[in-house]
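Structure first, commentary second.
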Amino acid sequence: MANTTQAIESLAAEIGENVYIDIAKWHLYLNDAHLHTVVAEQLYPMLEDGKFDADKVGQVLQGIQVKLGGGKREVPLADLIPMQCQVQLMDVLEEFQRKM
Numbered sequence: 102m103a104n105t106t107q108a109i110e111s112l113a114a115e116i117g118e119n120v121y122i123d124i125a126k127w128h129l130y131l132n133d134a135h136l137h138t139v140v141a142e143q144l145y146p147m148l149e150d151g152k153f154d155a156d157k158v159g160q161v162l163q164g165i166q167v168k169l170g171g172g173k174r175e176v177p178l179a180d181l182i183p184m185q186c187q188v189q190l191m192d193v194l195e196e197f198q199r200k201m
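Next up, the structure:
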C-alpha cells in the first residue's frame, strides 16, 4: 500500500508540474490549483492495468468537476486544460508507465 501511495504522489507531482488550466490566458498549474492529486488518483489504476488512451484520460478529466466563483458554477476539468496540455499529460502518463 505504501508503494502505491508513493507512486500516486510521484505521479501527482509530475502532473502538477507539467499540466495547467488556462483561465483568461493565465496558466494555473494543477499543483497550484490543488487538482494534481485527484487526477493522479483517478489515472493511476489505468496505468497499473496498462489500459489507458487519450479517450479514457479525457473521460476522467470530464468527470472531475472544478468549482468556480466560490462554487457558483462547476466546469469539467477537461474544458479548462488546453489541448497542448492534454498532449503533455499523455506524455507524462506514458513516461510514468515506462518507469513502473
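Using the numbering used here, you'd call the opening residue of the sequence shown number 102 and step up by one each time.
The beta carbon of each residue, even a glycine, is placed where N, CA and C say it ideally should be.
Because the structure is a prediction, the values reported are computed rather than measured.
Hey, would you say I124 sits closer than 7 angstroms to I182, going by beta carbons? Not in contact: I124 and I182 (Cβ atoms no closer than 7 angstroms).
So the beta strand (DSSP E) V176 belongs to, where does it begin and stop? Note, V176: beta strand (DSSP E), 174-177.
Compute the distance between the beta-carbons of V167 and V176, then report whether it is under 7 angstroms. Contact: yes.
Would you mind working out which of L148, L144, N119 sits nearest M201, comparing C-alpha positions? Nearest option by C-alpha distance: L148.
Please specify which runs of the alpha helix (DSSP H), each continuous and at least 4 residues long, are wholly inside the stretch 137-175, giving them in chain order. Every alpha helix (DSSP H) of 4 residues or more that sits fully in the stretch 137-175 is shown, in chain order, as 137-150, 155-164.
For E195, tell me which candidate among N104, D180, Y145, A103 has the shortest Cα-Cα distance. E195 has its Cα closest to that of Y145, out of N104, D180, Y145, A103.
Could you round the C-beta distance between V193 and N132 to whole angstroms and report it? I think they count as a contact, below 8 angstroms. Taking C-beta atoms under 8 angstroms as the contact rule, V193 and N132 fail to qualify, at a distance of about 13 angstroms.
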